[in-house]
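Here the structure is laid out as structure tokens; the discussion comes afterwards.
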Amino acid sequence: MKRYLVFALVGPFVGGFLLLLTTTYQSGYWTQTSLGEVGKLFVVFFKTLQYSYLFGFLPSLMIGAVDDILTHVRRIRPGLRMLLVGLFAFILAAFTYGSRGSDSGAVQFILYGLVGFVPTVISSWLVHHYVEERQPAAAAG
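Residue 1 is where the sequence shown starts when you use my numbering, and the numbers rise one by one after that.
Structure follows, in structure tokens:
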């Protein structure tokens, strides 16, 4: 249960911030912005944080469930599990947020993929280090 709580709290927060950074980069905001206007980015982030949790809560729990399932596979060590779950979230986020129009490309695919990858790996790492994981029972044979 603690695993899902970590994913539900960390995922939308970090993912929402990365999504905001990605969309501002894609819109060209950073080419015309001075360092003094960066504070506006944080204002927008905190004003839209409720929507990050509203729309990111269920996807984070689903990724947490995949992480939980992979925990029970004895041959998959924690580092590999974090990578596998992160790659799964990368692909889901890249295809969910990325458009397939004329402005699509490798940069857009990677940036939107990182929106899923980074919060997932952080959440999985936090769960591995700070939440007690039950080890799967050895098979009787």
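Ideal placement from N, C-alpha and C gives every residue a C-beta, glycine not left out. From a predicted model like this one, the values you see are computed outputs, not experimental measurements.
query = When the distance is taken between beta carbons, is residue 124 closer than 8 Å to residue 85?
reply = The count along the sequence shown starts at 1 and reaches residue 85 at position 85. The count along the sequence shown starts at 1 and reaches residue 124 at position 124. Yes.
message = Could you tell me which whole alpha helix (DSSP H) segments of length 4 or greater appear in the region 72–135?
response = For the region 72–135, whole alpha helix (DSSP H) runs of length 4 or above, ordered along the chain, are 78–97 and 106–130.
task = Following the continuous alpha helix (DSSP H) through residue 36, name the residue where it begins and the one where it ends.
result = Residue 36 sits at position 36 when you count from the first residue of the sequence shown. Where residue 36 is concerned, there is no enclosing alpha helix (DSSP H), given that its DSSP letter is neither H nor E.
query = Where do the ends of the alpha helix (DSSP H) carrying residue 24 lie?
reply = Working through the sequence shown from its first residue, we reach residue 24 at position 24. First-last of the alpha helix (DSSP H) with residue 24: 2–27.
ask   = Excluding five sequence neighbours on each side, which residues of the same chain lie with their C-beta closer than 7 Å to the C-beta of residue 78?
value = In the sequence shown, the residue the question calls residue 78 occupies position 78. Here the set comprises 128.
Inter-stretch contact (C-beta, 8 Å, three-pair minimum) for the region 107–121 and the region 17–25 = Under the Cβ criterion (8 Å, minimum of three pairs), the region 107–121 counts as touching the region 17–25.
ask   = With 16 as the cutoff for other CB atoms within 10 Å, does residue 112 come out buried or exposed?
value = Translated into the one-based positions of the sequence shown, residue 112 becomes position 112. So residue 112 counts as buried.
query = Whose CA, out of 56, 71 and 38, lies closest to the CA of residue 7?
reply = The count along the sequence shown starts at 1 and reaches residue 7 at position 7. Selected option, being the one with the closest Cα: 56.
message = What does the alpha-carbon distance come out to for the pair residue 52 and residue 44?
response = By one-based count along the sequence shown, residue 52 stands at place 52. By one-based count along the sequence shown, residue 44 stands at place 44. Roughly 12 Å separates the two Cα atoms.
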